[in-house]
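Taking our numbering, the leading residue of the sequence shown gets 80, the next gets one more, and so forth.
We put the CB at the ideal spot given by N, CA and C, even for glycine.
Predicted model only: the values in this text are computed from it and were never measured.
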Amino acid sequence: MTDQPLQTERYRIAGEGKDLYSRNDLRNRIRNGSLLAGTEVALEGTDEYRPAADFPELARYFSLISSAPRPVEASTYVPADSVAPATSVGARLIPGLIYPLTGFGAVVVFGLALLQLLPFGFLASAIAMPLVSVAIVRVSSEGSTRMPALAAFGSLGEMVMTALKAIAISLLSAWPLILAMILSFLLPGAAFTLAIAAMIAMVLYYPACIAILAKYKTIRPALSVSLIWGFITTLGADYALAIGAGLGVLGLLIVLSLFASTLPANVGALLTVLVVVWGTLYVFHLIGWAMYRHRDEI
80 MTDQPLQTER YRIAGEGKDL YSRNDLRNRI RNGSLLAGTE VALEGTDEYR
130 PAADFPELAR YFSLISSAPR PVEASTYVPA DSVAPATSVG ARLIPGLIYP
180 LTGFGAVVVF GLALLQLLPF GFLASAIAMP LVSVAIVRVS SEGSTRMPAL
230 AAFGSLGEMV MTALKAIAIS LLSAWPLILA MILSFLLPGA AFTLAIAAMI
280 AMVLYYPACI AILAKYKTIR PALSVSLIWG FITTLGADYA LAIGAGLGVL
330 GLLIVLSLFA STLPANVGAL LTVLVVVWGT LYVFHLIGWA MYRHRDEI
């Protein structure tokens with residue numbers, strides 16, 4: 080691609096504070112995928128935020144990226160025979176039910192479930208679950224229909240760093256709950272409504288944060304509210320279906336809790352956590368699959 084001389088305008092990106100970026104900076108971010116067409120941008124000295132693609136000088140770069148042939152990169156962790164055509168997420172809802180049990184997934188599901196039942200095992204599970212979720216999103220976004228092999232987790236050092244990043248994002252993405260708690264002190268009568276709104280925001284927001292971490296492997300993109308929103312809107316109905324499947328799992332848990340109460344305590348607890356682990360991995364597979372479907376847009 081031949082670039083014309085870049086102008087001196089500077090821009091702000093919504094959600095990134097007062098930092099200013101040149102057109103050259105934005106061009107590079109468009110090329111590496113960290114600035115989406117729907118990310119809101121404003122010219123320096125104005126408060127008029129618009130989608131980046133609405134700026135003619137930036138739209139050119141989006142059009143060049145979308146028309147450029149993409150190099151085919153061989154994955155080091157997705158076997159060729161596990162890659163399937165990019166059918167819709169809706170078509171993946173039923174086949175995806177067995178996804179968490181494919182490969183060595185059954186060992187992972189039972190292992191994570193048993194961890195939660197051991198003394199202090201919940202902490203280990205809380206560390207391992209985001210790590211596994213990131214790996215699932217990563218391989219699913221390449222079209223894999225099987226649980227990730229060990230190679231998808233990287234070296235021990237990479238696993239530790241990914242786990243730390245995932246934990247940090249899990250804590251930082253809880254800002255809707257923190258905001259709701261603060262507002263509930265100011266508006267005690269609205270505490271219940273604020274709590275419900277915060278939970279809905281978390282259900283929509285947190286999975287996208289994990290997906291962005293899986294894509295970019297760094298924390299900063301996953302902390303950009305505008306980037307997260309652009310990611311969600313780009314996946315659109317496919318993301319909504321994945322989140323809807325998660326709500327379906329929640330409904331199943333509510334029904335299961337009634338049944339589990341009639342079983343011996345240990346059996347009921349194990350059954351419940353098995354469904355929690357299976358449902359979490361299932362939903363992140365669907366989100367990764369939605370990324371696979373929209374890989375030319377994100």
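Checklist entry - isoleucine 289 to alanine 138, Cα distance in whole Å? => result 28 Å
Checklist entry - For proline 255, is the classification buried or exposed, using 16 other Cβ atoms within 10 angstroms of its Cβ as the cut-off for buried? => result buried
Item to check | Three-state secondary structure assigned by DSSP to glutamate 119 | outcome: Here glutamate 119 sits in strand by DSSP.
Next on the checklist: Taking the alpha carbon of threonine 224 as the reference point, which residue from Pro174, Pro209, Asp317 has its own alpha carbon closest?
Outcome noted: Among Pro174, Pro209, Asp317, the Cα nearest to that of threonine 224 belongs to Pro174.
Checklist entry - Assuming glycine 182 contacts methionine 226 under a Cβ cut-off of 8 Å, what Cβ separation, rounded to an integer in Å, is found between them? => result 4 Å
Next on the checklist: If distances are taken between C-alpha atoms only, which option among Leu306, Tyr361, Leu258, Arg372 comes closest to glycine 94?
Outcome noted: Leu306
Next on the checklist: Can you give me the C-alpha to C-alpha distance between alanine 147 and arginine 217, rounded to a whole angstrom?
Outcome noted: With a pLDDT of only 48 at alanine 147, under 50, the local geometry of the prediction cannot be trusted, and no value is derived from it.
Item to check | Residue environment, alanine 344, which counts as buried when at least 16 other CB atoms sit within 10 Å | outcome: Exposed, since its Cβ has fewer than 16 Cβ neighbours within 10 Å.
Next on the checklist: Closest to tyrosine 361 by C-alpha separation, out of Arg108, Ile311, Val188, Phe141, would be which residue?
Outcome noted: Val188
Next on the checklist: Looking at the ligand MN, does it come within less than 7 Å of glycine 124, judged from the CB to the closest heavy atom?
Outcome noted: As far as ligands go, the structure on display features none, and thus does not contain the ligand MN.
Item to check | Range of the contiguous beta strand (DSSP E) that encloses isoleucine 92 | outcome: Per DSSP, isoleucine 92 belongs to the beta strand (DSSP E) from 89-92.
Checklist entry - Can you list, in chain order, the residues of its chain whose CB lies under 6 Å from that of leucine 194, leaving out five sequence neighbours each side? => result Gly200, Ala203, Ser204
Item to check | CB of arginine 89 within 8 Å of CB of serine 101, strictly | outcome: yes
Checklist entry - Are isoleucine 248 and isoleucine 298 closer than 8 Å when you measure CB to CB? => result Yes; because the gap between Cβ atoms is below 8 Å, this pair is in contact.
Item to check | Minimum C-alpha distance to glycine 315 - residue among Gly169, Asp133, Lys97 | outcome: Gly169
Checklist entry - For the alpha helix (DSSP H) that contains alanine 132, what are its first and last residues? => result Unbroken run through alanine 132: none, as it is neither H nor E.
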